[in-house]
Structure formats: structure tokens, C-alpha cells
Amino acid sequence: MVFPITDEELVAYLDGAIDPVRGGEIEAALLHDELLAARLKKLDIDTDAIRAAFGPPTFGASQWHQRSWRHLLPTSLGAALVTLAAAVIVGIGLGIAIGTSDIVDGLGHFRKGWRAAVADYQVLYSTATLASLARDVPTQRAEVTAAAAKLGLTIDLDQLQVAELDFKRAQLLQFNEEPLAQFAYLDAMGKPIAFCATRTGEPDSKVQTGIFDGLAAAYWNKNGYGFIVIGGKNAQTVERVATELAARI
796 MVFPITDEEL VAYLDGAIDP VRGGEIEAAL LHDELLAARL KKLDIDTDAI
846 RAAFGPPTFG ASQWHQRSWR HLLPTSLGAA LVTLAAAVIV GIGLGIAIGT
896 SDIVDGLGHF RKGWRAAVAD YQVLYSTATL ASLARDVPTQ RAEVTAAAAK
946 LGLTIDLDQL QVAELDFKRA QLLQFNEEPL AQFAYLDAMG KPIAFCATRT
996 GEPDSKVQTG IFDGLAAAYW NKNGYGFIVI GGKNAQTVER VATELAARI
């Protein structure tokens, strides 16, 4: 039996400091666990660049040989230090996106990005949140049209139909005083999945994948709008849905 793999163990694996037996278990798991591979990639930061910019952490030189910037990453303080280091390294004073989720400005102040806000909302959903909604096509069509109109997009209910997903509703939310449309589904296993869109003004980008609040996600930018599909643990399903929607909308 392989016990759950923690972030600390992944950090030790990256640093070559893992027990050989446990290291073998991690390597075996990485062969078939895409979410684990995504976690590993997220923890594999550029430690040399950060050391060059900041030097060792200030908790004491005698402790530095036992710690690394990767070891700091699983902690909230470490994550903040790494984020600030990244901002200095790239030299952007007005603010940069961190993993498309959070923003740090030139003064070191953090602002939650819209995709992170969507993830915070989506993680609260359960099957019961949407299962009781009856299929009422006229109502769904009206909800979709109204939400899309607020964004200045032309989206109809037919464009939102995706194989193996049961469309449930559309609703209009708001982030930083900008309208944000959420189109909610249940997948074949009853897991909530959401497709969200908002006006961002960001340049076009292809579909990218990641993990937000433990949920599989795929996101892209097109024609000044940002889009994300998020929900469940199946990264392949989420990417497939995102690819289909990106081609239509």
C-alpha cells in the first residue's frame, strides 16, 4: 500500500534528499498520476535564480544547509517569499500574474486573481448543489443569453452542450466590478464542473492546464476575454471540455 504523497516528500524528491524506497514509490506513481505530476511541476521552482536575488532566508545560516527554497514553498510564508522573489527577478513593477491566480504589485501587495476567485467558489460546490435543478431548456437558454450579453459575448445554449456533461444553469457573478459568467454542469460521475468567462483585456493564449484549490482546470484567453473550465480531479476531461469550448466561443 502506497501512502499519500505529501508536498514535503515531493520537495525532498526534487532535492535528491528522499529515502530511496519512498523515491521509487514516487517515481512509480508519477508514471500514471497526472495530478501528482502537476503538483511536482508546481514545486519545481528556479531555486538558483531566487538564491541569486535574495540569498539564504533570514532564519539563520546554521540552518540553511538543512533547508532550501523548495522546502519553504509548501508553507504560506515560503509561498509569499517565492512570489515576491519572482516579481523582483522578472522586474515588473506594476504587477504580475502568479500562476494565473494571484497578483503581486510593485509594493508587494497581493490581490486575488479572477481564476483563483472562481476556484474558491467552485470548491464549495457538491453534486447536491446542482442535482436538484430540473432540465428546463427555455429557462436555461434565457439564462445563457442574459449572462453572455452582460459580457458582450454571443453565446447560445447549443454552443455549451458538451458530451458527457449535463448542463445545469448559467448565472452572472462579478469580480472587481466586472461581470463574470458561470455556466455550470455535472459530469457523468456527478462532479460539478464550471465554465467561466470574464473580460480581461489580456492577449490571446492557447489552452493551458493546472490545479486550482485541488481542482483540475484548463484556461485560455481569446479576443480580450479570459476563460476557464474547472472542477473535479480528471485533468483529461477538463482539458477536453476546454478545447471544445475554446473552438466554439
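Using the numbering used here, read the sequence shown as starting at 796 and increasing by one per residue. Don't be surprised by glycine CBs; every beta carbon is placed ideally from N, CA and C.
According to the DSSP assignment, Pro987 belongs to the beta strand (DSSP E) that extends over Pro987 to Arg994.
Taking 8 Å as the cut-off, the Cβ atoms of Glu1034 and Thr995 do not count as close.
The criterion of a C-beta distance shorter than 8 Å is satisfied by Ala1030 and Ala1011. Looking at the backbone, the Cα of Arg817 and that of Thr922 are separated by about 35 Å.
Per DSSP, reduced to three states, the secondary structure at Val816 is helical. Take the alpha-carbon of Gly947 and the one of Ala1037: they are about 20 Å apart. About 6 Å separates the beta carbons of Gly1021 and Glu997, which is inside the 8 Å limit, making them a contact pair. For Tyr920, the secondary structure class from DSSP, reduced to helix, strand or coil, is coil. Counting only runs of at least 3 residues, the region 953-1037 fully encloses the following beta strand (DSSP E) elements, listed from N- to C-terminal order: 960-970, 973-982, 987-994, 1000-1007, 1010-1017 and 1020-1025. Selection Asp915, Lys963 and Arg910 evaluated against Arg930 yields Lys963 as nearest (Cα-Cα). Within the same chain, Cβ atoms closer than 8 Å to the Cβ of Asn971 are found at Trp909, the five residues on either side in sequence being excluded.
Here Thr801 carries a coil assignment [DSSP, helix/strand/coil].
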